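Q:
In the numbering used here, the protein residues as written are 12 to 245.
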C-alpha cells in the first residue's frame, strides 16, 4: 500500500467518502441507505451541522456514526475560521429553523451556504432570484436565512474568504485529485488513538492488543510475504 501508518490511511479513507459526496450530483446507493436511517438527512448535511445541533437518531447506521466521529475530530483540528462553515448545507436549516422551506432552494440548484454569500456577506435577494431563477415563494425563507446567517455566521475574522483545507476540498468545483494522500497528510499520528470495532474484533481473535506500530509491521510483513509468494509462483 505504500503508507507508513495503516490507522491514518483508514481514517483518510473514511473522510474521503464524505468529501466525495459533495461532488456527486445524484445520491449514491450506500448513502441512500444510510440517509434512510437519519430521517432523510444525508451524511454531508449532518457533517457540517454543528455537532450539538444534530438530531440524535436511534437508528443511525454504525458507519454513519463512525464517519461523523472521525470528521468532527478532523474539522476541529483544522480550526475553522468561522462558527458556521461556508460548506454548510442549507438542508440542515430544516432542523435549525422551524418551517424553513428548503425544497424551493434545492429544486433551483442552491444547496450550500457558499452560494448565497459574497465575501462573507449575504447576497441580496434580487441577485439570487435572478441568478437561480428562484420563485417568489422563497422570499420569506430568504429572510429567515439572512437572519440566521447574521446570528450564527462570524465573518469578522474572514480575510479574503480564507478557507481551511478540508473546506477547499469540499467546495472545489471539480472532484479533488489525490484526495486520499491529501487527507492522510491532514491526519496526524495522534489522531489515531481510537480503535474501531473491526480492530478490536481482530485483537480478540488474536488474543492480544496491538499498537499502531504493530499493525504497520504486520502490514509490511504481509506485503513481503505476498511478493515472495508471487515470485515463487512465477
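By construction, the Cβ of each residue, glycine as well, lies at the ideal position given by its N, Cα and C atoms.
Being a predicted model, the structure only gives us computed values, none of them experimental.
1. Can you give the Cα-Cα distance for residue 111 and residue 23, rounded to whole angstroms?
2. According to DSSP, is residue 132 part of a helix, a strand, or is it coil?
3. Assuming residue 72 and residue 34 make a contact with CB atoms under 8 Å, what is their CB distance in whole Å?
4. Ignore the nearest five residues each way along the sequence and tell me which others in residue 171's own chain have a CB closer than 8 Å to its CB.
5. Between 95, 61, 147, 16, which lies nearest to residue 164 when the distance is taken from Cα to Cα?
6. Could you please give the first and the last residue of the uninterrupted alpha helix (DSSP H) stretch that includes residue 50?
7. Among the residues of its own chain, which have a CB less than 6 Å from the CB of residue 116, if the five just before and after it don't count?
8. With a cut-off of 8 Å, do at least 3 Cβ pairs link the region 183-201 to the region 77-92?
9. Kindly list the residues whose CB is nearer than 8 Å to the CB of residue 122, restricted to its own chain and excluding five residues on each side of it in sequence; keep chain order.
10. Can the beta-carbon of residue 106 be found closer than 7 Å to that of residue 66?
A: The short version:
1. Residue 111 sits at position 100 when you count from the first residue of the chain shown. Residue 23 sits at position 12 when you count from the first residue of the chain shown. Each residue's alpha carbon lies about 34 Å from the other.
2. Locating residue 132 in the chain shown gives position 121, counting from the first residue. Residue 132 falls in the strand class under three-state DSSP.
3. In the chain shown, counting from the first residue as 1, residue 72 sits at position 61. In the chain shown, counting from the first residue as 1, residue 34 sits at position 23. Contact flag wrong, Cβ pair sits at about 22 Å.
4. As a position in the chain shown, residue 171 is number 160, starting the count at 1. Residue placement at residue 171 is poorly supported in this model, since its pLDDT is 43, which falls under 50; the coordinates are not used for a value here.
5. Residue 164 sits at position 153 when you count from the first residue of the chain shown. Of 95, 61, 147, 16, the residue nearest in Cα terms is 95.
6. Taking the first residue of the chain shown as position 1, residue 50 is located at position 39. Here residue 50 belongs to no alpha helix (DSSP H), and DSSP marks it neither H nor E.
7. Position 105 of the chain shown holds residue 116. Same-chain partners within the cutoff: 101.
8. Short answer: they touch.
9. By one-based count along the chain shown, residue 122 stands at place 111. Counting only Cβ-Cβ distances below 8 Å, and skipping sequence neighbours, we find 100, 101, 102, 116.
10. What you label residue 106 is simply residue 95 of the chain shown in a count that begins at 1. What you label residue 66 is simply residue 55 of the chain shown in a count that begins at 1. Residue 106 is a Cβ neighbour of residue 66, given a cutoff of 7 Å.
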